[in-house]
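What follows is a set of notes on a single structure, which appears directly below.
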Amino acid sequence: MLKLFKLVCFPLLLLYNLLFEIIPLSLSHTFRHLKLLSLCKYHKLKTVNVVVVGGGFLGSAVCQLLQGARNVNVTLVDPKGFFEFTPSCPRLISDPARKRHIQIPFTDFLHKKQATFIQNEVVKVDKSHISLKNQDIPFDYLVIATGSFYQLPPNLQTSTRLFNSHKADHMFRAHERLLSSSRVLVIGGGITGVELAAEIATSHPDKKVTLVHSGKNLLPSIRNEGILRYVHKFLMDHNVTVILNQRVVAEERNGFATEDQVLPADIAFFCGNGKPNSRLISGNNDGIEVNQYFQYVSNSNIYAGGDILSSIDHKVDEKLAQNAELHAEFISNNILISQEHFGGGPAPLESYTPYKKLIVVSLGKYDGLIIWNNLFLTGFITALVKEAIEWKTTIRYA
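Everything in the sequence shown is counted per UniProt numbering, starting at 1 for the first residue and increasing by one.
This is the structure in structure tokens:
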């Protein structure tokens, strides 16, 4: 009876969510953005300089949304030369050719007459300009889009067997190493760790895969017992050894050591949680707080969104790529609204309140989960949804 309920009701609830929440919200912001762009064409507006620091999901989306606006000069600064669709990094371990689809040069989608890309590193942020290693760039509005960073634990940084699963270049290089390895260790049982363990187990069934996680449950952001049981059973059915409540503390000759044992491994993957890359503006990596308009609490001309945030108007939003893209829509619209009122009275900015989003977790190429609140759907359709999300995002930048 419960299975029948899920089979019938979940698609209906998902459809309701799409028709009455996700699509209307997206369309309303799209129409709002187009209206603002249209108004910009007919109003006499002051030219403003918008500087975007970081070209991930948030930064790239902001640049795309603003580069067509009249009297808006957009400058993107990033030490890399490309946008990277990081949720697909685990898939590179079985399909390295996919790398060219998920790494897209900024120059492919930034129009030279409307936006400028500077490949450099920002070393300082002031009230009205940012400092690079060799120049200063003034701004009227600054968007901090530096996201999260995923650094290997200090005691494992010199390992030649450990790869960072959050970076496409690492996963591309790891592909060849994996082929000659028989024992695989995945460190971290969040979404990335579960996806990677499933990817390796399904595409390389001859490998002995171990997933070690420091918490008592996999997928710590998910509380639904049914989801956790499904994931655990899937991994066990594909011969993945799951070890909970243990943390990797050192590398040994034959593998990696936890507090209790040595886990044999020829190759290992770090899938730990990232930290907000906020030191540039806040002096630490604890994240920064913005108001409901995504303005930095210390300077209303500085906007921030995505993974760098600790809270939005004292509320926490999930660190998801789709949230970063949604934040980009609000930030872009609020910059255009502020441009209309530049030097005048208070601007009627758009406010944002965090809410639950759909989460998609892949389990190899042919299975996965779509999670919405306490409901979830499994099977091949979820794998197709994951592919569709990647296609939708990357086609925007193609």
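Just so you know, even glycine gets a beta-carbon here, dropped at the ideal spot from N, CA and C.
{"Check": "Thr-382 - containing alpha helix (DSSP H), residue span", "Outcome": "380 to 397"}
{"Check": "Sufficient close CB pairs (3 or more, under 8 Å) joining the segment 132 to 146 to the segment 168 to 177", "Outcome": "no"}
{"Check": "Whole-angstrom distance between Gly-274 and Ala-257, CA atom to CA atom", "Outcome": "22 Å"}
{"Check": "Other residues of its chain near Lys-319: CB distance less than 6 Å, five sequence neighbours each side excluded", "Outcome": "Asp-307"}
{"Check": "Spatial distance of Pro-105 from Phe-83 (CA atoms)", "Outcome": "6 Å"}
{"Check": "Distance cut-off 7 Å: Asp-169 Cβ against heavy atoms of the ligand GTP", "Outcome": "Among the components modelled here there is no ligand, and therefore nothing to report on the ligand GTP."}
{"Check": "Distance between beta carbons of Ile-187 and Leu-117, contact taken as under 8 Å", "Outcome": "Correcting the residue type first, residue 117 is Phe in the shown sequence and not Leu. Not quite, the Cβ-Cβ distance comes to about 34 Å (not below 8 Å), so this is no contact."}
{"Check": "Cβ contact check for the segment 194 to 205 and the segment 296 to 310: 3 or more pairs under 8 Å", "Outcome": "no"}
{"Check": "Selection from Val-122, Gly-81, Asp-126 that minimises the alpha carbon distance to Thr-107", "Outcome": "Gly-81"}
{"Check": "For Val-360, the nearest candidate out of Cys-271, Ile-227, Ser-165 (CA to CA)", "Outcome": "Ile-227"}
{"Check": "Meets three-Cβ-pair contact criterion under 8 Å: the segment 62 to 79 and the segment 131 to 145", "Outcome": "yes"}
{"Check": "Euclidean distance between Cα positions of Gln-295 and Leu-309", "Outcome": "11 Å"}
{"Check": "Selection from Ile-93, Ala-250, Asp-136 that minimises the alpha carbon distance to Pro-154", "Outcome": "Ala-250"}
{"Check": "Start-to-end residues for the alpha helix (DSSP H) that takes in Arg-279", "Outcome": "279 to 282"}
{"Check": "Beta-carbon proximity list for Tyr-366, same chain, < 6 Å, skipping 5 on both sides", "Outcome": "Phe-380, Ala-383"}
{"Check": "Expected contact under 8 Å - CB spacing of Leu-58 and Ala-328 to nearest Å", "Outcome": "5 Å"}
{"Check": "Three-state class that DSSP yields for Leu-4 in the structure shown", "Outcome": "The predicted model places Leu-4 with a pLDDT of 47, which falls under 50 and marks its position as unreliable, so this point remains unresolved."}
{"Check": "Assigned secondary structure, Gln-64 (DSSP; H/G/I helix, E/B strand, else coil)", "Outcome": "helix"}
{"Check": "Sequence-distant residues of its chain with Cβ nearer than 7 Å to Ile-191 (five each side left out)", "Outcome": "Leu-219, Val-361"}
{"Check": "Rounded distance between the beta-carbons of Val-52 and Asn-71, thought under 8 Å", "Outcome": "Between Val-52 and Asn-71 the Cβ distance is about 17 Å, and since that is not below 8 Å, they are no contact."}
{"Check": "Glu-390 vs Phe-85 beta-carbon contact at 8 Å", "Outcome": "yes"}
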